[in-house]
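Anchor point for the sequence shown: position 286 equals 286 in the UniProt record's numbering, and the numbering is continuous, going up by one each time. Beta carbons: idealized from backbone N, C-alpha and C, even for Gly. Just so we're clear, the structure is a prediction, and the values are computed from it rather than from any experiment. Here is the structure we will look at, set down as structure tokens.
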Amino acid sequence: MYQIEQLQLCDPEKQQRVEALLNGLQLTDDALERIGQVFREEMDLALKMKPSSLQMENTYIPELPDGTESGTYLAIDLGGTNLRVLLMTLEQGQILDEIVQYYPLPEHLRIGDGDALFEYLAKCVDEFARNQELDEDRIYSMGFTFSFPMRQSALDSGVLVTWTKSFNCPSVVGQDAVLILRKFLKKYKRNNIEIVAILNDTTGTLMHGAIMDKNTRIGIVLGTGSNGCYMERSSKVLHWEQERHGERHVVVDVEWGAFGDNGVLDFIKTDYDRQVDEGSLLKNSFTFEKYISGKYLGELCRCILAKLHTEKLFLPQVAAEDLPQPWTFGSDNVSIIEHDTLRNGWENVENILRKKFNALQIEADDLQIIRYVCGLISKRAAQLVALNTSVLLNGMSPEEGDDITIAIDGSVYKHHPRLRQWIIDYTALWTKDKTTKYMLADDGSGKGAAVVAAIAEKLRRQNL
Numbered sequence: 001m002y003q004i005e006q007l008q009l010c011d012p013e014k015q016q017r018v019e020a021l022l023n024g025l026q027l028t029d030d031a032l033e034r035i036g037q038v039f040r041e042e043m044d045l046a047l048k049m050k051p052s053s054l055q056m057e058n059t060y061i062p063e064l065p066d067g068t069e070s071g072t073y074l075a076i077d078l079g080g081t082n083l084r085v086l087l088m089t090l091e092q093g094q095i096l097d098e099i100v101q102y103y104p105l106p107e108h109l110r111i112g113d114g115d116a117l118f119e120y121l122a123k124c125v126d127e128f129a130r131n132q133e134l135d136e137d138r139i140y141s142m143g144f145t146f147s148f149p150m151r152q153s154a155l156d157s158g159v160l161v162t163w164t165k166s167f168n169c170p171s172v173v174g175q176d177a178v179l180i181l182r183k184f185l186k187k188y189k190r191n192n193i194e195i196v197a198i199l200n201d202t203t204g205t206l207m208h209g210a211i212m213d214k215n216t217r218i219g220i221v222l223g224t225g226s227n228g229c230y231m232e233r234s235s236k237v238l239h240w241e242q243e244r245h246g247e248r249h250v251v252v253d254v255e256w257g258a259f260g261d262n263g264v265l266d267f268i269k270t271d272y273d274r275q276v277d278e279g280s281l282l283k284n285s286f287t288f289e290k291y292i293s294g295k296y297l298g299e300l301c302r303c304i305l306a307k308l309h310t311e312k313l314f315l316p317q318v319a320a321e322d323l324p325q326p327w328t329f330g331s332d333n334v335s336i337i338e339h340d341t342l343r344n345g346w347e348n349v350e351n352i353l354r355k356k357f358n359a360l361q362i363e364a365d366d367l368q369i370i371r372y373v374c375g376l377i378s379k380r381a382a383q384l385v386a387l388n389t390s391v392l393l394n395g396m397s398p399e400e401g402d403d404i405t406i407a408i409d410g411s412v413y414k415h416h417p418r419l420r421q422w423i424i425d426y427t428a429l430w431t432k433d434k435t436t437k438y439m440l441a442d443d444g445s446g447k448g449a450a451v452v453a454a455i456a457e458k459l460r461r462q463n464l
């Protein structure tokens, strides 16, 4: 169930050399156990506000939807190359209606002046409100999905730690994204739109999942980037800057993409991983994300194949300059090759070798090698995601019960043909005393923000 196909090359000596170069990509049972221990230790350190590679950020969301949420809420979702504004109607915790509008986010706004970016966000919200003819005499609560590492001091306060992905507006780093957006909404005279919560896409996925399945306790995004969040006992969370109101639980944003940035995972790092890191925009950071996410799996595959080519073990007849250049071999190619592996076909692999590697003459060994490499890095990614998730599950309070649902979203999870089942199987293996279910929660980043806005409004009424 957990194995990948063995490499079977024509020449035993060549096979031995290839396997020696790839050996570090296979995680031993001892290594997996150690990773799990280190992850738990890093979590505990961060919860106690001690130095750790994990943020374990308090989101100040003390509860999941309980089925009483009703009303019409706004959400704005910033995190990709498009901006989205949503209007969602909830009735007894169920989504009745949803209107979504997409707005382009050109590069000059994503890289440059922060005020220009946030003024554009406010302009889009204003335009959406006019298009939907929102009642100007009533207040609309809005959730703000801001999918970047941030420090929260309240449910409606998020100070940007660093930009990621394709964004870099330096003036916003260290600033509260909610305050900036409020300033520009005021400029557009949108006093009837109140930002009541800021969250990231992972928290949004958890909240949307909880609407779909009341047993949901964990949210995961596995796409271009990766992260996890979960329900934690509030007594274990020391970072709490607001007055407490008897909260028993709180959603904790792990920010596991940075797991290992302090060197605690160096024992599994291969030369190929170091090469990916060296060539990345964010060197020496997002260590864990570089093992598992869609932004990096394709480049990792390319680095491995380039090394095998240098050693004349892969496509020896192809010139080095004809191989894919750095960051041009996308992770979608890994998924396509894995599709071939599942159905024991070779057509897609051959097409990729011809188009991406300019290979005119393809040997059976070349087909075997690229398929084997894709299997190795995919299995490692699945093991690492399942391992972190299992640590979260095994640390949960007994009152959460033994039936726990994990809401998950992201392109890698959705489109990689084998990763999903591997993650499910390994999680079951490592959490034997629990019944777990992975549930796809599409578009958590949008719907989840509206759900959190509903919860924030309800909490405000309770605490008056």
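Spatial distance of residue i from residue j (CA atoms)
| i | j | result |
| --- | --- | --- |
| K48 | K236 | 8 Å |
| V264 | C10 | 39 Å |
| L300 | Q132 | 45 Å |
| Y291 | K447 | 29 Å |
| L392 | H249 | 15 Å |
| I336 | N351 | 10 Å |
| L367 | V318 | 14 Å |
| V85 | G67 | 24 Å |
| E338 | D433 | 31 Å |
| E278 | D253 | 27 Å |
| S234 | Q152 | 15 Å |
| K269 | P12 | 27 Å |
| K186 | Y102 | 22 Å |
| Q3 | L32 | 15 Å |
| L342 | P417 | 8 Å |
| D425 | D403 | 16 Å |
| T72 | I139 | 10 Å |
| K458 | D443 | 23 Å |
7 Å Cβ cutoff met for residue i and residue j
| i | j | result |
| --- | --- | --- |
| V172 | G114 | yes |
| A454 | V196 | no |
| R354 | P324 | no |
| D340 | N348 | yes |
| L27 | L376 | no |
| T145 | A456 | no |
| M142 | L74 | yes |
| G204 | S293 | no |
| W327 | F288 | no |
| L134 | Y120 | no |
| T405 | N215 | yes |
| A407 | G209 | yes |
| E400 | R217 | yes |
| T202 | N168 | no |
| S378 | L419 | yes |
| L199 | G219 | no |
| S285 | D322 | no |
Given residue i as reference, the closest of the options once Cα atoms are compared
| i | options | result |
| --- | --- | --- |
| Q320 | F167, H108, V250 and L305 | Checking the sequence, you will find Ala at residue 320 rather than Gln. Of the candidates F167, H108, V250 and L305, the one whose C-alpha sits nearest the C-alpha of A320 is L305. |
| R460 | I362, Q37 and I61 | I61 |
| L281 | T435, Q8 and Y296 | Y296 |
| A359 | L87, T89 and F314 | F314 |
| Y310 | L21, Q16, Q8 and Q6 | Per the sequence shown, the amino acid found at residue 310 is Thr instead of Tyr. The candidate whose alpha carbon is nearest that of T310 is L21. |
| P104 | L78, T89, E399 and S70 | L78 |
| K189 | D126, E247 and L206 | D126 |
| T89 | I76, E69 and L155 | E69 |
| P65 | S157, Q92 and K307 | Q92 |
| E19 | Q6, D29 and E363 | Q6 |
| G330 | G223, N262 and G345 | G223 |
| I111 | P170, S147 and Q37 | P170 |
Contact belief for residue i with residue j at Cβ below 8 Å, rounded distance in angstroms
| i | j | result |
| --- | --- | --- |
| M212 | M439 | 6 Å |
| Q175 | V161 | That belief does not hold up - the Cβ atoms of Q175 and V161 are roughly 11 Å apart, past 8 Å. |
| N394 | T431 | 6 Å |
| F184 | A122 | 3 Å |
Interface flag, residue i vs chain C, CB-CB below 7 Å
| i | result |
| --- | --- |
| S147 | Checking the listed chains, one finds no chain C in this structure; it contains a single protein chain. |
Requested in this report: Report yes or no: do three or more beta-carbon pairs, one from the segment 407–422 and one from the segment 48–68, lie closer than 8 Å?
Outcome: no
Report task. Please confirm if the segment 381–394 is in contact with the segment 187–202, defined as three or more CB-CB distances below 8 Å between the two stretches. Result -> no
Query - Three-pair Cβ contact test at 8 Å for the segment 174–182 versus the segment 115–123 - result: yes
Query raised in the report: Any chance the segment 238–254 sits against the segment 90–103, with 3 or more Cβ pairs inside 8 Å?
Result: no
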